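Numbering (UniProt numbering), first residue to last: 1 to 153.
Below is one structure; the comments refer to it alone.
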(Lines of atoms letter the chains of each structure in order from A and count residues from 1; the text may use other names and numbers.)
(Lines give C-alpha, C1' and ligand atoms only; values in the text may rest on other atoms or scores of the structure.)
Protein backbone atom coordinates (compact mmCIF):
# COMPACT_ATOMS: atom_id res chain seq x y z
CA UNK A 1 0.00 0.00 0.00
CA UNK A 2 2.76 2.48 0.92
CA UNK A 3 4.62 1.56 -2.22
CA UNK A 4 1.53 2.32 -4.35
CA UNK A 5 1.08 5.70 -2.64
CA UNK A 6 4.73 6.51 -3.20
CA UNK A 7 4.57 5.52 -6.85
CA UNK A 8 1.41 7.57 -7.32
CA UNK A 9 2.99 10.63 -5.68
CA UNK A 10 6.39 10.29 -7.40
CA UNK A 11 5.48 12.28 -10.54
CA UNK A 12 4.20 15.13 -8.36
CA UNK A 13 7.36 15.14 -6.26
CA UNK A 14 9.57 15.17 -9.34
CA UNK A 15 7.59 18.04 -10.85
CA UNK A 16 7.77 20.13 -7.64
CA UNK A 17 9.98 22.91 -8.98
CA UNK A 18 8.08 22.93 -12.26
CA UNK A 19 4.81 23.49 -10.40
CA UNK A 20 6.22 26.39 -8.36
CA UNK A 21 5.02 29.82 -9.38
CA UNK A 22 7.65 32.11 -10.86
CA UNK A 23 7.99 35.56 -9.28
CA UNK A 24 5.30 37.93 -10.52
CA UNK A 25 6.25 41.06 -12.44
CA UNK A 26 5.10 44.10 -10.41
CA UNK A 27 2.27 46.10 -11.98
CA UNK A 28 2.71 49.83 -12.69
CA UNK A 29 1.53 51.01 -9.26
CA UNK A 30 3.80 48.49 -7.49
CA UNK A 31 6.71 49.44 -9.75
CA UNK A 32 6.28 53.14 -8.90
CA UNK A 33 6.23 52.31 -5.19
CA UNK A 34 9.38 50.21 -5.58
CA UNK A 35 11.11 53.03 -7.49
CA UNK A 36 10.37 55.38 -4.59
CA UNK A 37 11.87 52.81 -2.20
CA UNK A 38 15.01 52.62 -4.35
CA UNK A 39 15.31 56.42 -4.49
CA UNK A 40 15.22 56.46 -0.68
CA UNK A 41 17.67 53.55 -0.52
CA UNK A 42 20.06 55.38 -2.88
CA UNK A 43 19.93 58.41 -0.55
CA UNK A 44 20.78 56.12 2.36
CA UNK A 45 23.76 54.73 0.42
CA UNK A 46 25.00 58.22 -0.54
CA UNK A 47 24.78 59.41 3.07
CA UNK A 48 26.57 56.31 4.36
CA UNK A 49 29.39 56.76 1.81
CA UNK A 50 29.72 60.48 2.58
CA UNK A 51 29.63 59.84 6.36
CA UNK A 52 31.95 56.82 6.04
CA UNK A 53 29.35 54.82 8.00
CA UNK A 54 30.94 51.39 7.84
CA UNK A 55 28.20 49.35 9.60
CA UNK A 56 25.51 50.77 7.30
CA UNK A 57 27.61 50.25 4.17
CA UNK A 58 28.49 46.71 5.19
CA UNK A 59 24.77 45.92 5.44
CA UNK A 60 23.91 47.72 2.16
CA UNK A 61 26.27 45.87 -0.17
CA UNK A 62 25.30 42.29 -1.01
CA UNK A 63 27.91 39.73 0.05
CA UNK A 64 28.49 38.82 -3.61
CA UNK A 65 28.61 42.49 -4.71
CA UNK A 66 30.90 43.47 -7.58
CA UNK A 67 31.73 46.84 -9.09
CA UNK A 68 33.42 47.07 -12.48
CA UNK A 69 35.43 50.27 -12.91
CA UNK A 70 35.80 52.14 -16.19
CA UNK A 71 39.31 50.68 -16.37
CA UNK A 72 37.92 47.14 -16.23
CA UNK A 73 39.13 46.53 -12.67
CA UNK A 74 36.60 44.58 -10.59
CA UNK A 75 36.05 45.23 -6.88
CA UNK A 76 34.25 42.91 -4.50
CA UNK A 77 32.32 44.05 -1.44
CA UNK A 78 35.41 44.33 0.78
CA UNK A 79 37.37 46.36 -1.78
CA UNK A 80 34.42 48.70 -2.28
CA UNK A 81 34.11 49.22 1.47
CA UNK A 82 37.81 50.08 1.67
CA UNK A 83 37.38 52.69 -1.10
CA UNK A 84 34.36 54.18 0.64
CA UNK A 85 36.17 54.40 3.97
CA UNK A 86 39.14 56.07 2.23
CA UNK A 87 36.84 58.75 0.83
CA UNK A 88 37.48 57.84 -2.81
CA UNK A 89 35.10 59.40 -5.35
CA UNK A 90 32.34 56.88 -6.05
CA UNK A 91 29.16 56.70 -8.10
CA UNK A 92 27.30 55.81 -4.92
CA UNK A 93 27.36 59.41 -3.62
CA UNK A 94 28.07 61.40 -6.79
CA UNK A 95 25.41 63.73 -8.16
CA UNK A 96 23.39 61.82 -10.75
CA UNK A 97 21.45 62.84 -13.82
CA UNK A 98 19.60 60.99 -16.57
CA UNK A 99 18.32 58.43 -14.08
CA UNK A 100 16.33 55.53 -15.45
CA UNK A 101 14.66 52.87 -13.27
CA UNK A 102 13.61 49.42 -14.51
CA UNK A 103 11.69 47.17 -12.14
CA UNK A 104 11.69 43.41 -12.58
CA UNK A 105 10.21 40.45 -10.72
CA UNK A 106 11.91 39.52 -7.50
CA UNK A 107 11.75 42.48 -7.15
CA UNK A 108 14.99 43.57 -8.75
CA UNK A 109 15.65 47.12 -9.91
CA UNK A 110 18.23 48.25 -12.45
CA UNK A 111 19.12 51.93 -12.33
CA UNK A 112 21.21 53.72 -14.93
CA UNK A 113 22.52 57.23 -14.72
CA UNK A 114 25.29 59.66 -15.46
CA UNK A 115 27.59 61.21 -12.85
CA UNK A 116 30.68 63.43 -12.76
CA UNK A 117 33.49 61.62 -10.92
CA UNK A 118 36.79 63.18 -9.87
CA UNK A 119 39.95 61.41 -11.02
CA UNK A 120 42.07 62.03 -7.94
CA UNK A 121 45.42 61.43 -9.71
CA UNK A 122 44.66 63.91 -12.50
CA UNK A 123 42.51 66.23 -10.37
CA UNK A 124 40.09 66.27 -13.27
CA UNK A 125 36.40 65.38 -13.32
CA UNK A 126 35.03 63.03 -15.95
CA UNK A 127 31.47 62.02 -16.75
CA UNK A 128 30.63 58.37 -16.21
CA UNK A 129 27.62 56.40 -17.40
CA UNK A 130 26.80 53.79 -14.78
CA UNK A 131 24.44 50.97 -13.93
CA UNK A 132 23.50 49.66 -10.48
CA UNK A 133 21.48 46.54 -9.66
CA UNK A 134 19.37 46.45 -6.50
CA UNK A 135 17.88 43.23 -5.16
CA UNK A 136 15.74 42.32 -2.20
CA UNK A 137 17.54 40.69 0.67
CA UNK A 138 16.38 39.20 3.94
CA UNK A 139 16.38 42.61 5.67
CA UNK A 140 15.52 44.88 2.72
CA UNK A 141 17.25 46.24 -0.35
CA UNK A 142 20.85 45.40 -1.26
CA UNK A 143 23.22 46.83 -3.84
CA UNK A 144 24.20 43.70 -5.78
CA UNK A 145 26.33 45.01 -8.65
CA UNK A 146 27.46 48.21 -10.31
CA UNK A 147 29.52 49.19 -13.31
CA UNK A 148 30.81 52.55 -14.56
CA UNK A 149 32.07 53.57 -17.97
CA UNK A 150 33.92 56.83 -18.56
CA UNK A 151 32.40 58.87 -21.35
CA UNK A 152 34.59 60.47 -24.01
CA UNK A 153 35.57 64.04 -23.19
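Cβ atoms here follow ideal geometry from the backbone N, Cα and C, with glycine treated the same way.
Every value quoted in this text rests on a predicted model; they were computed, and no experiment measured them.
Backbone secondary structure at residue 24 - three-state DSSP: coil
Quick one: give me the first and last residue of the alpha helix (DSSP H) that residue 77 is part of. 77–85
Considering only the alpha carbon of each residue, which of 76, 110, 78 and 94 lies closest to residue 44? 94
Considering only DSSP beta bridges, list what residue 124 is partnered with. 119
Take the Cβ of residue 111 as the centre, count every other Cβ of all protein chains shown within 10 Å, and call the residue buried at 16 or more, exposed below. buried
Rounded to whole angstroms, what's the CA-CA distance from residue 54 to residue 24? Just pull it up for me. 34 Å
Whose CA, out of 29, 146 and 27, lies closest to the CA of residue 90? 146
Between 104, 77, 125 and 148, which has its C-alpha nearest residue 22's C-alpha? 104
Name the two residues that bound the continuous alpha helix (DSSP H) containing residue 99. Careful: residue 99 lies outside any alpha helix (DSSP H), inside the beta strand (DSSP E) at 97–104.
First and last residue of the beta strand (DSSP E) that includes residue 145? 140–150
Using 10 angstroms around the beta-carbon of residue 138, count the other beta-carbons present and answer buried if the total reaches 16, otherwise exposed. exposed
For residue 100, count neighbouring Cβ atoms within 10 angstroms of its own Cβ and tell me buried if that reaches 16, exposed if not. exposed
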